[in-house]
Amino acid sequence: MKFHVVTLFPEVIDAYAGASILARAEKAKLLEVRSYQLRDFVTNKWGKADERPYGGGPGMVLQAEPFIRAVEAIQKKIKPAGLTKSNKKKGGLIYQSKTKVLITAAGGKPLTNAYAKNLSKKYSDVIILCGRYEGIDARVKKILKAEEVSIGPYILTGGELPALTIIDATARQIPGVLGKFESLEESRVASHEIYTRPEVFTYKDKRYSVPKVLLSGHHANMDLWKNKKRSNPTETNS
532 MKFHVVTLFP EVIDAYAGAS ILARAEKAKL LEVRSYQLRD FVTNKWGKAD
582 ERPYGGGPGM VLQAEPFIRA VEAIQKKIKP AGLTKSNKKK GGLIYQSKTK
632 VLITAAGGKP LTNAYAKNLS KKYSDVIILC GRYEGIDARV KKILKAEEVS
682 IGPYILTGGE LPALTIIDAT ARQIPGVLGK FESLEESRVA SHEIYTRPEV
732 FTYKDKRYSV PKVLLSGHHA NMDLWKNKKR SNPTETNS
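The numbering used here runs 531 ahead of the 1-based position in the sequence shown.
What follows is the structure, encoded as structure tokens:
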């Protein structure tokens with residue numbers, strides 16, 4: 532699976548993708564993460580990719596043309612996977628059945644594990660367009676038939692963190708990326724409250740112990756405790 536990220540700050544994408552699990556997965560050829568500098572696709576001599584919004588208002592809006600040109604360039608490099616549908620009469624774009632174009636947007640479709648799993652199963656290539664400033668010209672979504680995705684009900688300064696979140700959540704669903712199927716929290720009994728050695732940790736003369744049920748070796752009771760903690764995370768340890 533390949534991820535293509537169009538952004539004003541490719542170094543942000545490269546830094547995260549080049550570390551830890553994603554880096555190991557790429558080395559094992561389980562996935563690829565590629566970043567593209569949006570300014571490389573502008574047609575003016577200043578490398579300017581934004582303009583003031585029509586209708587007034589503060590801030591700047593990222594122009595449509597650089598994103599369209601970037602996606603065209605990326606799609607030309609993507610190897611055909613299954614059926615393709617030519618749309619040359621409407622700008623020369625080629626939409627492939629295994630390619631998905633996403634736009635990071637606060638008002639988009641919520642990112643969930645189910646959504647990420649669907650991406651990993653249905654698409655060979657995911658192109659992510661990162662917003663910045665006041666956002667991306669709305670015509671990009673219409674022309675590319677892109678889907679807007681949100682990672683939460685809040686506003687960020689740019690789409691790079693959402694793009695990386697989409698990549699990370701989707702990469703986990705690719706067989707082999709985490710090593711074992713059991714590593715997926717959603718595929719096993721798990722709680723957000725976890726412990727490791729030592730059994731007793733002392734801090735400022737106060738002892739903090741691992742819950743006895745986790746030391747019992749009784750798997751059914753341990754699963755019950757984990758399920759209880761998952762539904763009542765603030766409950767006192769027992």
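Note that beta-carbon positions come from the ideal geometry of N, C-alpha and C, so glycine has one too.
Every value quoted in this text rests on a predicted model; they were computed, and no experiment measured them.
Judged by their CB atoms, Gly590 and Glu665 are nearer to each other than the 8 angstroms cut-off. Straight-line measurement puts the Cα of His535 at about 6 angstroms from the Cα of Val564. Here the region 688 to 708 makes contact with the region 550 to 561; the two share three or more CB pairs at distances below 8 angstroms. In summary, Ala669 is exposed, with fewer than 16 beta-carbon neighbours lying within 10 Å of its beta-carbon over all protein chains present. Taking 8 angstroms as the cut-off, the beta carbon of Ile634 is found closer than this to the beta carbon of Ala677. With fewer than 16 other Cβ atoms from the protein chains shown falling within 10 Å of its own Cβ, Ala546 counts as exposed. Taking C-beta separations shorter than 6 angstroms and ignoring five residues to either side along the sequence, the partners of Val573 in its chain run Ala580 and Pro597, following chain order. If you ignore the 5 residues before and after Leu746, its C-beta comes within less than 8 angstroms of the C-beta of Glu730, all in its own chain and listed in chain order.
Thr727 has its alpha-carbon roughly 18 angstroms from the corresponding atom of Asn758.
Here Tyr654 is buried. Its C-beta has 16 or more other C-beta atoms within 10 Å. For the pair Leu561 and Gly707, the CB atoms are nearer than the 8 angstroms cut-off.
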